[in-house]
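Single-structure report; data block below.
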Amino acid sequence: MNSFYKNIMLFILVQAIAMTPLITSSSSEPTKGYDDNNNDSFSLRTTWHVHTVNDLSDDKILFVHCKSKDDDLGIHNLTVGVEFSWKFKLQIFGGTLFWCYMAYDNFHAAFNVFWVNEVFLQDPPDEGGHDESMEMLPRKTIVFQGNAFKLGGGRESRYG
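The structure is reproduced here in structure tokens:
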């Protein structure tokens, strides 16, 4: 192998070693507050927060199980008024997706709570199956009330 090809192979190897931590650096960890400064414009460095709040009546317990391809955030039983939240940063390659299963009494719902497609960020499809682009805000809230859950921005979906 001549020196030109050796240099090319060495360059590719160095690039692969340098990029590996960036590719795998998606973190998700439970959080209790808004401790990150997210006033910057949208970027891969933005920390995103997701909050799940039990606003059910009659002291009903909300069962919550959220996860991504890489991270299982565990099972949580939320009493009325209690919030479960976590934060994460977008993956550079491969997209970011978090989904949740939530239930109480005889009602249950499973849905994507955050994902990035190839072009822009989206909310889950509405009841008619149409996607709506979401505002690029670094916080998302899911509130369970009655027989509906509300995803950030006040959009409501019924289930049961």
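Counted the way mature numbering (1 follows the signal peptide of the UniProt record, and there is no 0) counts, the sequence shown spans residues -28 to -1, 1 to 132. Quick reminder that beta carbons are idealized off the backbone N, C-alpha and C, glycines included.
Does DSSP classify I47 as helix, strand or coil? strand
Buried versus exposed call for I47 [16 or more other C-beta atoms within 10 Å across all chains shown]: exposed
Decide if N11 is buried, meaning its Cβ has at least 16 other Cβ atoms within 10 Å, or exposed. With a pLDDT of only 45 at N11, under the threshold of 50, the placement of this residue in the model should not be trusted, and no figure is reported.
Endpoints, beta strand (DSSP E) assigned at V22: T19 to N26
Applying the criterion that 16 or more other CB atoms from any shown protein chain within 10 Å of the CB defines a buried residue, is S29 buried or exposed? exposed
Close-in-space but distant-in-sequence residues of the same chain around residue 209 (CB under 6 Å, 5 per side omitted): Because the chain in this structure spans residues -28 to 132, residue 209 falls outside the shown range and cannot be described.
Give the DSSP bridge partners of V36, in chain order. In the DSSP assignment, V36 forms a beta bridge with H48 and M74.
In this structure, does DSSP put S29 in helix, strand or coil? coil
Candidates F60, D77, F79 and N78: closest to F86 by CA position: F60
What is the residue span of the beta strand (DSSP E) that V85 lies within? Counting along the chain, V85 sits inside the beta strand (DSSP E) bounded by residues F79 to V88.
According to DSSP, is K61 part of a helix, a strand, or is it coil? strand
Among L34, A75 and D77, which has the Cα closest to the Cα of L50? L34
Am I right that A82 and Y73 are in contact with their C-beta atoms under 8 Å? What's the rounded C-beta distance? 5 Å
Please return the same chain residues whose Cβ sits closer than 6 Å to the Cβ of K39, not counting the five positions on each side in sequence. L45
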